[in-house]
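Under this note's numbering, think of the first position of the sequence shown as 3, with each following residue one higher. Each residue gets a CB set at the ideal place from its N, CA and C atoms; glycine is no exception. What you are looking at is a predicted structure, and each value in this text was computed from that prediction instead of being measured. See below for the structure under consideration.
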Amino acid sequence: MSAAPTPADHEFMRRALELAERGWGRVHPNPLVGAVVVKDAVVVGEGFHGEYGGPHAEVVALGAAGERARGATLYVPLEPCAHYGKTPPCTDAIVAAGVARVVYGAEDPHAEAGGGARRLSAAGVQVLGGVERDEARFLNRSFFHAVERGTPFVALKYALSLDARLAERPGHPSEVSGAAARAEAHRLRAGFDAILVGIGTALADDPLLTARGEVAPIRPPLRIVLDSDARLPLGSRLVHTAAEAPAWVVCAHDAPAERRRALEHGGVRVLPVPRAAGGGVALDRVLDRLWAAGVRSILCEGGGRLGGALLAAERVHRLYLFYAPRFFGEAGVPAFPAQLSPSAGRGWQLRRLVPFAEDALLVLERA
């Protein structure tokens with residue numbers, strides 16, 4: 003391994019992280035990766051992984067650099083892969099290009115893909131890892147979570163007034179955020195496997211839950227409703243658009259059979275799970291069922307009841323809180339249920355504070 007990182011190493015790694023974000027919504031289940039090729043302190047090639055099954059970031063950047071890659075340094079947020087998947091190992095391309103030094107952010111957690119650093123070192127390439135590791139893991143938190151924990155990564159998104167209200171009054175949807183914040187919310191959706199709401203939100207808002215805007219996902223996110231008694235109306239927008247974007251209902255095993263059949267006839271996939279003691283569906287079993295169905299990341303946009311239940315169960319790993327400069331008062335719908343214990347608020351770290359016109363986004367993660 004080579005010496006400690008220089009300020010330039012951090013600078014070029016941050017550029018690689020910026021490039022990686024351009025693959026948002028298009029590379030799942032692969033991680034977001036960008037790459038920068040630098041020679042004599044000048045960028046001679048860069049690229050990013052832009053689509054699942056397409057060339058990896060390292061290959062794109064090396065192709066852009068051409069012969070200038072010989073003797074250069076390659077910056078990449080994730081340890082280069084050393085296995086054959088849909089594409090050949092990136093380590094082979096790096097060695098063939100004559101790269102002298104590789105700087106990466108975080109180690110690849112996949113057993114079959116890992117070992118890239120060792121392979122490069124064995125080929126005579128200088129290797130330095132751990133540069134901007136925390137940012138590299140933040141960028142691909144859902145990827146690392148899925149590989150390391152074997153459970154879905156769950157993010158909870160709320161659009162809030164300053165007094166932490168979701169709407170002006172119950173049963174009446176309110177446009178809380180401004181246009182810029184709403185556009186960012188749609189961009190976020192594109193990067194998750196599934197969007198999750200409870201039946202209360204589905205009945206009150208009749209949402210579409212699609213990712214609309216500038217970032218078009220390679221496939222639409224699953225739209226999932228937790229609906230213990232299969233009450234989702236057949237005339238809802240979710241059912242009407244099930245042929246264009248998949249709609250799932252997670253209900254209790256004992257939900258009315260005729261309701262389940264009607265939803266399935268309408269194109270909705272119905273997933274039964276055990277009922278919890280309180281009458282709803284058991285959240286742990288819901289997440290296990292979704293994981294078994296291939297869901298690796300979930301953006302929950304449910305109301306205070308579902309969000310509060312996930313927080314109380316400590317199954318939320320990231321919070322996206324969009325605050326708008328307004329107050330709804332005591333009549334408003336609270337985002338956080340009063341029954342949440344102090345332990346639900348422990349261990350959270352502020353990772354981002356981003357202004358969006360009149361609104362502000364706070365991104366927090368559980369340590």
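Distance between residue j and residue i (C-alpha atoms, nearest Å)
i       : j       : result
Leu-141 : Arg-225 : 23 Å
Ala-148 : Arg-28  : 17 Å
Ala-18  : Ala-249 : 35 Å
Ala-369 : Leu-321 : 12 Å
Val-217 : Trp-26  : 8 Å
Glu-186 : Ala-337 : 20 Å
Glu-246 : Ala-196 : 15 Å
Glu-13  : Val-45  : 11 Å
Ile-300 : Val-156 : 5 Å
Gly-269 : Val-241 : 7 Å
Thr-212 : Pro-222 : 7 Å
Glu-134 : Glu-23  : 15 Å
His-30  : Val-199 : 22 Å
Val-97  : Arg-239 : 52 Å
Val-318 : Trp-350 : 10 Å
Leu-370 : Cys-253 : Residue 370 lies beyond the stretch modelled for the chain, which goes from 3 to 369, so this question has no answer here.
Arg-1   : Glu-303 : This structure leaves residue 1 out entirely; the chain is present only between 3 and 369.
Arg-143 : Gly-152 : 13 Å
Asp-229 : Ala-294 : 19 Å
Status (buried if at least 16 other CB within 10 Å, exposed otherwise) for residue i
i       : result
Pro-33  : buried
Arg-167 : buried
Ala-202 : Before going further, note that residue 202 is Gly rather than Ala in the sequence given. With 16 or more Cβ atoms within 10 Å of its Cβ, Gly-202 is classed as buried.
Phe-50  : buried
Gly-36  : buried
His-58  : buried
Pro-91  : buried
Leu-285 : buried
Pro-9   : exposed
Leu-355 : exposed
Pro-219 : buried
Glu-260 : exposed
Glu-48  : buried
Gly-68  : exposed
Arg-121 : buried
Pro-258 : exposed
Arg-263 : exposed
Ala-192 : buried
Glu-150 : exposed
Gly-305 : buried
Leu-265 : buried
Phe-324 : buried
Phe-146 : buried
Leu-370 : With the chain covering only 3 through 369, there is no way to say anything about residue 370.
Ala-5   : exposed
Phe-329 : exposed
Leu-352 : exposed
Ala-279 : exposed
Ala-359 : exposed
Arg-298 : buried
Ala-161 : buried
Supposed contact pair residue j and residue i - C-beta distance, whole angstroms, cut 8 Å
i       : j       : result
Gly-118 : Pro-172 : With 8 Å as the limit, Gly-118 and Pro-172 do not qualify as a contact, their Cβ atoms being about 53 Å apart.
Leu-164 : Pro-327 : 6 Å
Glu-170 : Gly-296 : That pair is no contact at about 38 Å.
Ala-183 : Asp-361 : 4 Å
Lys-159 : Leu-210 : Lys-159 to Leu-210, Cβ: 15 Å. No contact.
His-255 : Val-227 : At roughly 17 Å, the Cβ-Cβ gap does not stay under 8 Å, so His-255 and Val-227 are not in contact.
Ala-99  : Arg-72  : 7 Å
Opposing strand residues paired with residue i [DSSP bridges]
i       : result
Ser-179 : Partner(s): none; Ser-179 has no beta bridge.
Val-241 : Partner(s): none; Val-241 has no beta bridge.
Leu-236 : Paired residue(s): none; Leu-236 is not in a bridge.
Tyr-322 : Lys-159 and Val-365
Gly-36  : Phe-50
His-174 : Arg-171
Leu-80  : Ala-108
Ile-226 : Leu-198 and Trp-250
Arg-103 : Thr-75 and Gln-128
Phe-358 : Asp-361
Leu-352 : Leu-366
Val-283 : Arg-277
Ser-299 : Phe-155
Stretch-stretch touch, CB-based, cutoff 8 Å, three pairs: the region 306-319 with the region 331-342: yes
#### Entry: Cβ contact check for the region 283-297 and the region 120-134: 3 or more pairs under 8 Å
no
| request: Examine the Cβ distances between the region 132-141 and the region 101-109 and report whether three or more of them are shorter than 8 Å. | output: yes
Notebook entry, point to check: Given 8 Å as the limit, is there contact between the region 36-48 and the region 68-82, that is, 3 or more CB pairs closer than that?
Noted result: yes
**Report entry** the region 176-195 in contact with the region 271-286 per 3-pair CB rule at 8 Å
**Finding:** no
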